[in-house]
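*Asks:* To start, I am sharing the structure in question, which I have written as structure tokens.
Residue numbers (my numbering): 16 to 295.
Right, dumping it as structure tokens:
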């Protein structure tokens with residue numbers, strides 16, 4: 016390791032120690048190093064067969080809802096062993112739009128859309144995880160919900176850490192942490208920039224979660240490794256969106272990373288899905 020890299024790693028460690036005045040995480044030395052760490056799959060019966068989805072969204076909510084239902088049917092016809100299907104952030108519409116548009120597409124929970132998702136969850140005896148704009152009273156949240164095979168909503172998480180796009184769109188933030196059980200795995204719910212939040216990260220580390228069940232609207236390309244999985248010692252499921260939305264380009268990157276931060280399976284550059292079996 017050269018002296019410049021060593022100094023960088025020491026500095027990043029110092030930043031972790033001294034940056035407690037806000038909730039934004041910095042990168043520590045182990046995370047910044049990016050060294051490949053082997054993760055040996057345990058010999059256990061605790062497994063979860065996951066489908067991770069990137070879809071290209073229309074500006075019209077009804078088109079996206081129809082596409083979501085068709086995607087569920089297609090995935091289950093292609094791979095009936097799937098146990099959970101995971102969709103991206105605010106996937107019933109375009110992501111970075113004005114407050115009036117957001118108000119039009121926002122859904123109450125429970126409501127007609129979640130009732131329809133419950134039908135599909137029961138039809139295929141699967142879990143469904145999906146991001147959507149949620150109307151709750153006079154506020155609109157960037158939310159993720161999880162529905163179990165019985166059609167019950169077992170998790171609702173509202174985004175803690177808002178981006179500038181979230182704020183311009185009119186989303187409200189809410190300090191909340193939500194851990195649910197899926198086939199014997201403890202899953203912590205996060206939405207996009209939540210992964211940078213110190214409070215939520217520490218809550219989930221303390222809970223000892225097995226899975227970071229997340230939803231993204233991300234333009235990024237494939238990382239060499241996943242800091243978030245490594246930081247939290249948990250699998251991360253990374254669903255996303257694809258395409259151009261009024262000048263905003265989304266990469267379609269989807270992946271699953273193991274607790275050591277290794278990207279074990281991915282797709283990007285198109286509307287797609289992948290499947291993978293995680294274990295603990």
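For each residue, glycine too, the CB sits at the ideal point set by N, CA and C.
#1: Starting from the Cα of residue 204, find the closest Cα among 145, 81, 136, 276 and give me that residue.
#2: To the nearest angstrom, how far is it from the Cα of residue 208 to the Cα of residue 95?
#3: State yes or no: is the C-beta of residue 271 within less than 8 Å of the C-beta of residue 252?
#4: As a quick exercise: from 117, 99, 187, pick the residue whose alpha carbon is nearest that of residue 139.
#5: Which residue or residues does DSSP assign as beta-bridge partners of residue 146?
#6: Buried or exposed for residue 273, please, with buried defined as at least 16 other CB atoms from any protein chain shown within 10 angstroms of its CB.
#7: Look up residue 218 in the DSSP assignment and say whether it is helix, strand or coil.
#8: For residue 63 and residue 163, I'd like the C-alpha separation in whole angstroms.
#9: Where does residue 231 fall in DSSP's three states?
#10: How would you call residue 237, buried or exposed, if buried means at least 16 neighbouring beta carbons within 10 angstroms?
#11: Name the two residues that bound the continuous alpha helix (DSSP H) containing residue 85.
#12: If you draw a straight line from the C-alpha of residue 101 to the C-alpha of residue 180, how long is it?
#13: Can you list, in chain order, the residues of its chain with a C-beta nearer than 8 Å to that of residue 158? Leave out the 5 residues immediately preceding and following it.
#14: Whole angstroms are fine: how far does the CA of residue 245 sit from the CA of residue 228?
#15: Let me check understanding here. Comparing Cα to Cα, which of 106, 191, 280 lies closest to residue 260?
*Replies:* In brief:
#1: Checking every option, the nearest Cα to that of residue 204 belongs to 145.
#2: Whole-angstrom Cα-Cα distance: 32 Å.
#3: Cβ atoms of residue 271 and residue 252: closer than 8 Å.
#4: Comparing Cα-Cα distances from residue 139 to each of 117, 99, 187, the minimum goes to 99.
#5: In the DSSP output, where bridge partners are listed per residue, residue 146 has 159.
#6: Residue 273 is buried by the Cβ-count criterion.
#7: In the structure shown, residue 218 sits in a helix (DSSP, three-state: H, G or I).
#8: Separation of residue 63 and residue 163 (C-alpha to C-alpha, rounded to the nearest whole angstrom) is 13 Å.
#9: The three-state secondary structure of residue 231, taken from DSSP, is coil.
#10: An exposed status is given to residue 237, since fewer than 16 other beta-carbon atoms sit within 10 Å of its beta-carbon.
#11: Where residue 85 is concerned, the enclosing alpha helix (DSSP H) stretches over 76-93.
#12: Taking the straight line from one Cα to the other gives about 23 Å.
#13: These residues qualify, in order along the chain: 124, 146, 147, 148, 149, 171, 172, 173, 174, 206.
#14: Roughly 15 Å between the two C-alpha positions.
#15: Per the Cα distances, 106.
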